[in-house]
Each structure stands twice: as structure tokens, then as C-alpha cells.
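Trainee: Here's a structure for you.
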Amino acid sequence: MLALINERALVALVLFLTGIALLWTAIAGGTPDLQPAFDPRFFPRIVLTLWVAIAAMELAAAVWRREPSLEPAAWRIGVLVIAVLLYAVLFTRLGFFITSVAFCIVSLLVLGQRHILTIAAFAIGAPTMLLILFNRVLKMPLPASPFFWWL
Amino acid sequence: MLDMLPQALGLIFTLEGIAVLVLGTMLGIILGALPGIGSTVAVAIILPFTLGMGQIAAILLVLAVYAGSVYGGSISAILINTPGTPQSAATCLDGYPMSQRGEAGLALGWATLASVIGGIVSAILLILAAPQVAAFALNFGPIETFALILLGLTCIVSVSEGSMIKGLLAGVIGIFLSSVGGDPITGEARFTFGAFELLAGFDLLAVVIGVFALSEVLLRASRRIDGAALLVAFEGIVLPKLRAWKGRLGVLAKSVAIGCGVGVLPGTGAATAAFISYAEARRSSPRRENFGKGEPDGIIASESANNAVTGGALVPTMALGIPGDAITAVMLATLTLHGVTPGVRLMTSNPTLIAAIFTGFLLINLILLPLGMLVSRLAAPLLRMREAFLMTAIAIFCVIGVYFVRGNPFDLLVMAIAGVIGFLLRRQGYPMAPLVIGMVLGPTLEMSLRQGLIITNGSFAAFFTGHPIAVALMLTALLLLSLPVYRAMMNRRRTA
């Protein structure tokens, strides 16, 4: 069984199971006495049925062909994914400037930059320029920090 | 209309009028190029500034920002694979591969010329045929719209060549994502699982930016990045030579026609036109094998169609008072704020104003070429930075762009998750264009299907009787779907 699992099959399996779960939700939450046009789940049911059918085909193809597995993504992708998610979550809470400076430092280090002065210049310079562009020129304020009102 | 031209030109060629045309178009290009701002937000930003202006200047400013922003969206789509506006998403498919090949300037040259030609033709259409075209568009009811969207969805097949099952699955996922949120007819929450934020559904631009731009950053990070490498070699726009147009004029003409046609239909929009046109070009172009690898025909199809929509969309807005999409709805508000009531009577009651607006729109499209070249030349130095820095800047722009769409922190999370899922799917060869096509066309498909079923008392068979336009469109869709199968069979027979 384990021999059948590769990254492609795993992705297809996840998509297939997600489709099944959503289709089950659509069928269970439906109102049978409603005309299709007035049933909010009529259209999603059609779409999800197609989803499950196509995902099943993809799963079968992935197991059948057994393509060579890809080189696993490096550690840096894990760090960058976490950085991106934290940046997106904290952007409106801690403000644009602080989060952007922190994200720039992490991102540049992950992407192979090692020159500290260049990293510092970019991490402070780029968010400052964007802050001026949006807050002053375009008058479209970016989220401010709860700690420093001017950032 | 043409006999009003001298008075119209007199209204436009004032100091205020010319300044508004030039500055508005430049501002539109810049705002359109910033990911997430988009045409609707660009027009909305400028709206308060028009309140102190005269009637003509105010309307021209909004038109200039509108046309400029539609073109501007292609700049970031081509250079950094981040569509500035949803209607430029199709431009990424061939524009970005050209940039990666070191032909960013040429790709922008194709996009600029295609945009200008698309815009000019649609402006001429607007001047010559606004009342007649608007009357024909009234023949499009929900059933005809459903058939048109089905035709549009067939392009998923053509953008999925090489991985048909994965493309279809991505397309279906996109259509499903568009159905999340409040039901458009009953208002009931669907697939929100108690999350209040999901009631408004997934924001299209958040998903588009996530799956195209953010996933690109993650994909590149997963490979070894050369610290000293430049991401895009770009010195400014390079216009294609005249002989390079040989064999491409058919694609241009067809795409402009599609853009004008789709633009006239209320509720469809430039993104739909760009994808329908791209799919048609991919089917019919003699260079279809190169699509997705940096084929200029793909850029021509997408850019000429989305710019041709601008004029087309003004037809129902001005002639019938029906806005074609969100942007023309904001424009309708501008007209109303300035004492103009769009509708059939406007054409006869104030022909000078209409002639001035239409002529101004033509002039905006004419100055788009020099201004596009100027803005991109100014932006070129910004792009001469190392890949690691540009990737970081793109990630920041993704977040800023999505934040400005609705100011909703939830959209930022959606964008980040879409980026991660897009990265995982792209690693396995799932194309992302079908997902976006599904999300763009899904809402109109559902709405028109359900409205059609209400009209026919729940009978789908009745869609095929008494609706000749719909039948013709569905037959065309069927024909286009069977073409790849026919081609595959012919290829197999040839190789056997």
C-alpha cells in the first residue's frame, strides 16, 4: 500500500477526500422540496459531483503511472511559508511597517542573502518608501502600528 | 454623432481637458500596475477628486483612469507574474514566460500595441454603433448568457493541454470556490461552516494573487536562487517590428471583436473577454503549440480583448443606463453625480456631451502608447534588482494589494493559503489558469442557469427551444470541445 503513495497521489487523494466531504455537506444540507432554481445547493452539487469524479480519475492516474517522486521542498520553503502566513495574519494587527521589516529580514535570509548591511537597508528602505507612497502620495493609509502611531 | 465632432473637440481641447486626459491616463497606468488596486478601486479613488471639476473634465478623468488602469494591469502581469487587475490574469500566461526569456520589453511592446488597438477599435465602435449595439445586447437574457459562459468555459480545455484532468479539476475547484458565501438568490450561507468572514465569499483578487504571484515566490524559493541573478531584464518597452505582425492580424481582429462583443453584454466583464479570447487564439493560432511558453499571440489576444471591453462596456452604460460591471457602475455614479442621466434619451437630448465623451475616450486610447512607454521607462530601474530582493518585494506587494481591495484581514489569510495551496498544486503540474477562469465565470454561470430555470419553470430542455442565439452558442461550445479530441485522433492516425 505504501508503495502506491507518492506526492502526486497524495495531493490527488486529499483533493478527492475534500470533494467527497464537501459533496456530503451539500447533499445533507439540501432542501428536497425546493425547485432546483431556488435551492442554494443545486449548483454546488453539480460542481462537486464533477470535482469528485475528476479527482477520482486523477487519483487513479497517479497510482497507475507511479511517476518518480519530486525532490522534497527544501527547509527554506517551510520557513518562508510560516513567514508569509504570519505576515498576512499580523499585517493588520501590528501594522505595515513593523511586519514588513521583519518579513523582509526573514525572506532575504531564507533566499540566500548574507550581507547584513544590504539586508538592513532593504528591510527598512523598501517599507519606508511604500509607506510614503501610499500614506502621503496616494492618501491610501496602510495599517498603522498600535505601538508607534507614526508607523 | 459625427456632425457633433467640432463642438466635441472644442469641449475637450481646453487646458483642463488636456491635463485631465494626460494625467488621468498616467495615473490609471500606475494604479493598474500596482497589484490589488485594480480598475474599480482606481476609478473609485479618483471619484472624489472629480467633484470640484466641470462636467466634461470630470467624466474624461474617470474614463482616462479606467482605460489607463486596464492597460496598466498588464505591466505587472508581464514583469512579475502578478496581474495588477483580474482582467490581466490571462496576460500572465504568455507575458511572464517571455520576461523569463529576457524579452520583457518586447512582451510589453506587444501588450501596449494590442491594448491601444483594442481600445481604439472599441472607441470607434462606441462612436458609430452605440445605440444599435445596445439594442442587440437586449436580446441576451439569462439563457443566452448561460450559453455564452459555457462557451467561455471551454477555454479551460485549451489552457489545460498536456494535463487535461488536472486542468479540469482546477477549473471545477475554481467554480466551486466562486459559489462559497451567500446564495445570490436566497441569501442563504453556503459552505461557510459558521465563519462570518466567508459570507461575502472568497475575494477573486486575493485568490488570483495567491495562486499566481505568491506561489511563484514559494516555487522559486524551493529551488536554489542565484543571489546575484536579475529576475527580469527590462530596459523599457520594445515595439515589435511591422513584419512581426505577419500572421498575427487575424488573432488581433478576432480578439478585438470578442472584447467589443463581450463588453457590450451587461455583467460579463473584461476578465471573461480576455480568457474567451485567449482560448479562441489558442485554438485557432498557427502557433498554438507555443501558447503558455511565451507566445505573443497569447498576449495580443488577452490585451486587445480586455481593452476592447472598455469601449464596449460603455455602450450599455451610456445608451441604456445599464452598467456592464463594477467599474462601469462606478462610472455610472460619476455621470449621475455630474448631472448626466444615462439612457436612451441621452443620445438625443445631449448629443454634444455624448460626442465629447466618446471622442475623449478615443483620444485616451491614442495617448496610451506614448504614456505607456514613458511610465514603463520610469519603472524600469526598479526592476533591475536581484531576484531575492524582487521576490521579497513581490510578496510585500501581494499583501498590500490584497489589503487595499476590501481592507479585510481575512482576505490576506485567503491569499496566503491560496499561495501555499497554489505552490503545492503547481509542483504537481496543476495549471492555475483554469482555477481562475472557473472563479471568474462561475458566478455568472450559476446565476444565469438558475434564472433560466426560473423562466422555463425548471425545464432545462426549454433552453434549447425558442432561444436561437443560445442554441448557436452551445453548438459552438460543443464544436470547440470536440476539436481537441478530433485533433488528437488525427495526430494518432498520422503517427500510426
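In order, the protein sequences belong to chains U and S. Here this note's numbering is used: the first residue of the first sequence is 1, the next is one more, and so on. Here this note's numbering is used: the first residue of the second sequence is 1001, the next is one more, and so on. Cβ atoms here follow ideal geometry from the backbone N, Cα and C, with glycine treated the same way.
At 7 Å on the CB atoms, spell out the chain S contacts of Leu-85(U), in chain order.
Mentor: By Cβ distance, chain S contributes Ala-1416.
Trainee: Would you give the residue range spanned by the alpha helix (DSSP H) that Leu-22(U) belongs to?
Mentor: 7–28
Trainee: Find the residues of chain U that neighbour Gly-1422(S), judging by a C-beta separation of less than 8 Å, and give them in chain order.
Mentor: Under the 8 Å cutoff, chain U gives no residues; its nearest Cβ is about 12 Å from Gly-1422(S).
Trainee: Would you identify the three-state DSSP class for Arg-1282(S), choosing helix, strand or coil?
Mentor: helix
Trainee: Can you give the Cα-Cα distance for Ile-1120(S) and Ile-1454(S), rounded to whole angstroms?
Mentor: 40 Å
Trainee: Given this structure, state the Cα-to-Cα distance separating Ala-1308(S) from Leu-1425(S), to the nearest angstrom.
Mentor: Ala-1308(S) and Leu-1425(S): Cα-Cα distance of roughly 33 Å.
Trainee: To which residues of the same chain is Ile-1059(S) closer than 6 Å at the C-beta, ignoring the five residues directly before and after it?
Mentor: Ile-1357
Trainee: Under 8 Å: do the region 1284–1301 of chain S and the region 1097–1105 of chain S share three or more Cβ pairs, one atom per stretch?
Mentor: Yes, the region 1284–1301 of chain S is in contact with the region 1097–1105 of chain S.
Trainee: Should Val-110(U) be flagged as near chain S, meaning a C-beta pair shorter than 9 Å?
Mentor: yes
Trainee: Apart from the five residues just before and just after Leu-1242(S), which ones in its own chain have a Cβ nearer than 7 Å to its Cβ?
Mentor: none
Trainee: Determine the burial state of Asp-1183(S): buried for a count of at least 16 other Cβ atoms within 10 Å of its Cβ, exposed for fewer.
Mentor: buried
Trainee: How many angstroms separate the CA atom of Leu-1223(S) from the CA atom of Ala-1355(S)?
Mentor: Sequence inspection shows Arg at residue 1223(S); the Leu mentioned does not correspond to that position. A direct Cα-to-Cα measurement between Arg-1223(S) and Ala-1355(S) gives close to 56 Å.
Trainee: Distance, Cα to Cα, Gly-1032(S) vs Val-1070(S)?
Mentor: Computed Cα separation, rounded: 6 Å.
Trainee: Under 6 Å Cβ to Cβ from Ile-1175(S), same chain only, skipping five residues before and after it: list those, please.
Mentor: Around Ile-1175(S), the same chain offers Gly-1438 and Gly-1442 as residues with beta carbons nearer than 6 Å, after the five sequence neighbours per side are excluded.
Trainee: Is Leu-15(U) close to chain S? Criterion is C-beta to C-beta, closer than 9 Å.
Mentor: Under the 9 Å criterion on CB atoms, Leu-15(U) is classed as interfacial with respect to chain S.
Trainee: Just the Cα atoms here: how many angstroms apart are Thr-1336(S) and Ala-1042(S)?
Mentor: Taking the straight line from one Cα to the other gives about 18 Å.
Trainee: Within the 9 Å Cβ cut-off, does Phe-97(U) reach chain S?
Mentor: no
Trainee: Between Ala-126(U) and Ile-105(U), is the Cβ-Cβ spacing less than 9 Å?
Mentor: No, the Cβ-Cβ distance between Ala-126(U) and Ile-105(U) is not below 9 Å.
Trainee: Can you find at least 3 beta carbon pairs, one from the region 1387–1403 of chain S and one from the region 98–117 of chain U, that sit closer than 8 Å?
Mentor: They touch, by the three-pair rule.
Trainee: Taking the alpha-carbon positions, what's the Thr-1328(S) to Met-57(U) distance?
Mentor: 42 Å
Trainee: Terminal residues of the continuous alpha helix (DSSP H) containing Lys-1166(S)?
Mentor: 1164–1179
Trainee: May I ask you to report which of helix, strand or coil DSSP gives Arg-1386(S)?
Mentor: strand
Trainee: Could you check what DSSP says for Arg-1427(S) in three-state terms: helix, strand or coil?
Mentor: Helix, per DSSP.
Trainee: Leu-1021(S) to Gly-1311(S), Cα distance in whole Å?
Mentor: 16 Å
Trainee: For a cutoff of 9 Å on Cβ pairs, would you count Glu-7(U) as touching chain S?
Mentor: yes
Trainee: If you run the structure through DSSP and keep just helix, strand and coil, what is Met-1(U)?
Mentor: Confidence at Met-1(U) is low in this model, with a pLDDT of 49, below 50, so the placement of that residue is unreliable and no value is reported for it.
Trainee: Relative to the C-alpha of Thr-1154(S), which candidate in Pro-1006(S), Ile-1258(S), Gly-1118(S) and Arg-1283(S) has its C-alpha closest?
Mentor: Of the candidates Pro-1006(S), Ile-1258(S), Gly-1118(S) and Arg-1283(S), the one whose C-alpha sits nearest the C-alpha of Thr-1154(S) is Arg-1283(S).
Trainee: Given that Ile-1454(S) touches chain U, what residues does it touch there, using C-beta distances under 9 Å?
Mentor: Gln-35, Ala-37 and Phe-38
Trainee: Is it true that the CB of Gly-1210(S) sits closer than 9 Å to the CB of Thr-1192(S)?
Mentor: no
Trainee: May I ask you to list, following chain order, the residues of the region 134–150 of chain U that have a beta carbon less than 9 Å from some beta carbon of chain S?
Mentor: For the region 134–150 of chain U, which is checked against every Cβ of chain S, the residues closer than 9 Å are Phe-134, Leu-138, Lys-139, Met-140, Leu-142 and Pro-143.
Trainee: Kindly indicate which residue of Gly-1105(S), Met-1053(S), Thr-1317(S) and Val-1065(S) has the alpha-carbon position closest to the one of Ser-1376(S).
Mentor: Of the listed residues, the one whose Cα sits closest to Ser-1376(S) is Gly-1105(S).
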